[in-house]
Amino acid sequence: MSNTNVGLDLERIIFIGRTFEEYRDIFNVSKEDLFDNKILDCPSGACSFTAIANQLGGDVTAADIAYYHPVESLREKGLQDLEHGIANIEKVKQNYKWDYFETADELHATRSKALLDCTNDMIANPHRYVAATLPQLPFADQQFDLTLSAHFLFMYADRLDLSFHKATLAELMRVTRREIRLFPLVDQTSERSAFVDEMLSFIREMGWSYEIQDTSYEFQRNANQMLVITAAGE
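Under this note's numbering, think of the first position of the sequence shown as 1443, with each following residue one higher.
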């Protein structure tokens, strides 16, 4: 996709991410998951999972609309977004569980580390970071064994309609040989997304299998489950 195409207004992009350790807990990532699979993280934002996983010997690719922008611009935007995001969380602390992170300062430090690890790796290993605009991906059919997708589908049901959800999930499955893991199943108000049941029906219609699993991660209240979708025949 050309850099003149949709989604390139940097001010419209929130560039904040989570650490490798958070991803491990969010998606119940085992050693076998990490080392025995070719993994796609999409959309990956400023998450450091790709950077750290590959350092440990994994094979992970990150894809996000943000990657059309220069790394230096993304790092600066991420630092600004982080300050803004932490300030907003402070205003609604009751909407979060303060045990995974005990304080806003700890959260700030963790998010800062994710951002810096991610952007440093983008400079060192740019081939791992692929610019993409969902619901289309520039990857081959079944290119990845496992796809992880956090804080996108379901979370923004107020802005991304049901047809977008279906098209995006179909595209993620096109490039995934074995399994997709989506987290969480709630929207930004911490309520179960209005699209969950309709998406489960869509999954059944497509001949895929699914399971809703609890995770060991809950920061936003009620965001403690992931949807595991298995390709037909797996």
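Note that beta-carbon positions come from the ideal geometry of N, C-alpha and C, so glycine has one too.
With a threshold of 6 Å on Cβ separation, who are the neighbours of S1444 within its own chain once the five nearest residues in sequence on each side are excluded?
Sequence index remark: in the sequence shown, residue 1444 carries index 2 (1-based). With a pLDDT of only 35 at S1444, under the threshold of 50, the placement of this residue in the model should not be trusted; the figure read from the coordinates follows. Once the five neighbours on either side are set aside, S1444 has no close Cβ partner at all.
Would you tell me roughly how many angstroms separate the C-alpha atoms of I1677 and L1669, rounded to the nearest one? Given a span of 1443 to 1676 for the chain in the structure shown, any question on residue 1677 remains unanswerable.
Option in N1666, A1673, T1672 and G1675 with minimal Cα separation from D1467 = Locating residue 1467 in the sequence shown gives position 25, counting from the first residue. Comparing Cα positions, the closest option is N1666.
Q.
Need the endpoints of the alpha helix (DSSP H) that F1491 sits in, please.
A. Locating residue 1491 in the sequence shown gives position 49, counting from the first residue. Unbroken alpha helix (DSSP H) run through F1491: F1491 to Q1497.
Requested in this report: Would you give the residue range spanned by the beta strand (DSSP E) that Y1571 belongs to?
Outcome: To locate residue 1571, count along the sequence shown from 1; it is residue 129. Taken as a continuous stretch (DSSP letters only), the beta strand (DSSP E) holding Y1571 covers Y1571 to A1573.
**Prompt:** Buried or exposed: G1649, going by 16 or more other Cβ atoms within 10 Å of its Cβ?
**Reply:** Taking the first residue of the sequence shown as position 1, residue 1649 is located at position 207. By the neighbour-count rule (16 or more Cβ atoms within 10 Å), G1649 is not buried but exposed.
Indicate whether L1624 and D1483 have their beta-carbon atoms separated by less than 7 Å.
-> As a first step, residue 1624 must be located in the sequence shown, where it is residue number 182. As a first step, residue 1483 must be located in the sequence shown, where it is residue number 41. For L1624 and D1483, no; Cβs fall outside 7 Å.
Practice problem: Look at the alpha carbon of D1506 and the alpha carbon of T1618, and state the distance between them as a whole number of angstroms. | Solution: Counting from one through the sequence shown, the residue named residue 1506 turns up at place 64. Counting from one through the sequence shown, the residue named residue 1618 turns up at place 176. So the alpha carbons of these two residues sit roughly 16 Å apart.
Quiz prompt | Status (buried if at least 16 other CB within 10 Å, exposed otherwise) for G1675 | solution = Taking the first residue of the sequence shown as 1, we reach residue 1675 at position 233. So G1675 ends up on the exposed side.
Using the C-alpha atoms, what's the distance from A1546 back to E1532? The residue given as residue 1532 occupies position 90 in the sequence shown. The residue given as residue 1546 occupies position 104 in the sequence shown. So the alpha carbons of these two residues sit roughly 7 Å apart.
TODO: Could you give the DSSP three-state label for K1480: helix, strand or coil?
DONE: As a working note, residue 1480 is residue 38 in the sequence shown. DSSP, read as helix, strand or coil, puts K1480 in strand.
### Message
Buried or exposed for K1473, going by 16 or more other Cβ atoms inside 10 Å?
### Response
Walking along the sequence shown from the start, residue 1473 turns up at place 31. Looking at its Cβ environment, which holds fewer than 16 other Cβ atoms inside 10 Å, K1473 is exposed.
(message) Could you give the first and the last residue of the continuous alpha helix (DSSP H) run that contains F1606?
(response) In the sequence shown, counting from the first residue as 1, residue 1606 sits at position 164. First-last of the alpha helix (DSSP H) with F1606: L1604 to R1616.
Whole angstroms is fine: what's the gap from R1663's alpha carbon to E1514's?
-> As a working note, residue 1663 is residue 221 in the sequence shown. As a working note, residue 1514 is residue 72 in the sequence shown. So the alpha carbons of these two residues sit roughly 33 Å apart.
Margin query: Measuring only the C-alpha atoms, how far is D1639 from V1628?
Written below: By 1-based counting over the sequence shown, the position of residue 1639 is 197. By 1-based counting over the sequence shown, the position of residue 1628 is 186. Near 12 Å, if we compare the C-alpha coordinates of V1628 and D1639.
Residues near Q1584 in its chain [Cβ-Cβ closer than 6 Å; skip 5 each side]: As a first step, residue 1584 must be located in the sequence shown, where it is residue number 142. Closer than 6 Å at Cβ, skipping near neighbours: R1619.
Boundaries of the beta strand (DSSP E) in which A1592 is found, first to last residue: For the purposes of this step, residue 1592 is taken as residue 150 along the sequence shown, with counting starting at 1. DSSP places A1592 in the uninterrupted beta strand (DSSP E) bounded by F1586 to A1592.
Quick check on DSSP: helix, strand or coil for E1544? Sequence index remark: in the sequence shown, residue 1544 carries index 102 (1-based). For E1544, the secondary structure class from DSSP, reduced to helix, strand or coil, is coil.
Margin query: Per the DSSP calculation, T1672 is bridged to which residue(s)?
Written below: For the purposes of this step, residue 1672 is taken as residue 230 along the sequence shown, with counting starting at 1. Answer by DSSP bridge pairing, in chain order: E1621 and S1651.
- request: Identify which residue in T1672, F1661 and S1490 has its Cα closest to the Cα of E1544.
  value: Position 102 of the sequence shown, counting from 1, holds the residue named residue 1544. Among T1672, F1661 and S1490, the Cα nearest to that of E1544 belongs to F1661.
Identity of the residue in P1485, I1456 and D1478 nearest T1575 by Cα: Here residue 1575 corresponds to residue number 133 of the sequence shown, with the count starting at 1. It is P1485.
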